[in-house]
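Each remark here refers to the structure printed beneath this line.
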Amino acid sequence: MKEKMLVVLLTLMLAACTVVDLDANGNPIMPKDPHAQPGYRDQTPQQIAESSWASRVQQPAEKQALSWADMETKSHTVKTGGSASVFVRASGTVTAFDNSNERERSLTMTINGKPVKVLIGPVLRGNAIRDAAGFRFEEFTNQVQYAQLTKALNRHAVQQLPTVDASWVGKPAQALLAVSMGAGTVDDAVALQLQQGNP
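All letters in the sequence shown, in the order written, are residues -21 to -1, 1 to 178 by mature numbering (1 follows the signal peptide of the UniProt record, and there is no 0).
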């Protein structure tokens, strides 16, 4: 009786096994887990920025951007000492162009009657783009890769911008921004798209 039970048990175990194909080196080819989340562990930060720009930055920014007024309202829901980042569409008049530090240039735009400093690089500070795009630390190998992604996304953003100089001052402009905000404050506004003219 025990032998019959053992045979039945072994038969069931074998039936549950999946035959796995082998590659040219005789190693098993494991099928992809259909529930696996996309990961970036084997990519450089630059590769991640380039491959995910359209799907995680550009398209969400264009479709889900808040108005400047809605962003200001939302900033008042941020807890004191906390921060949040969102995509924002804004228009206004350029009142200043600052290239005193050639690596960290900026425009000042009057948006809804208030002066707003818009960072245009080539070096951009802060995590506004990464955080507005919803990248999470768990998607990455370690803190270093996660931090390096910020720099890669910021570099990629600068490459999308037109040439901006003092000739923009006094003219209307439209901007698509990644904005990092605190409790009722705007900490960083980083340009993703800029163009002259009214909406």
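The C-beta atom is built at its ideal place from N, Cα and C for all residues, glycine as well.
All values derive from a computational prediction rather than experimental measurement.
>> At the level of alpha carbons, what is the spacing between Ala126 and Gln139?
In response: 21 Å
> If you draw a straight line from the C-alpha of Ile27 to the C-alpha of Arg109, how long is it?
Replying inline: 11 Å
> Can the beta-carbon of Gly105 be found closer than 9 Å to that of Asp166?
Replying inline: In contact: Gly105 and Asp166 (Cβ atoms closer than 9 Å).
> Alpha carbon to alpha carbon, what distance is there between Ser64 and His14?
Replying inline: Below a pLDDT of 50, predicted positions are generally treated as unreliable, and His14, at 41, falls in that range; no measurement from the model is reported.
>> Can you look up Ser62 in the DSSP assignment and give me helix, strand or coil?
In response: It is coil, neither helix nor strand.
> Are the beta-carbon atoms of Gln172 and Pro151 separated by less than 9 Å?
Replying inline: no
> Which class does Pro101 belong to by DSSP, given the choice of helix, strand or coil?
Replying inline: strand
>> Which residue wins for smallest C-alpha separation from Leu43, given the options Ser79, Ala111, Val57 and Thr74?
In response: A small fix is needed here, since residue 43 is Gln in this sequence, not Leu. Selected option, being the one with the closest Cα: Ala111.
> Can you round the beta-carbon distance between Lys96 and Ser85 to whole angstroms, since I take them to be within the 8 Å contact cut?
Replying inline: 5 Å
> To which residues of the same chain is Leu103 closer than 6 Å at the C-beta, ignoring the five residues directly before and after it?
Replying inline: Asn133 and Val169
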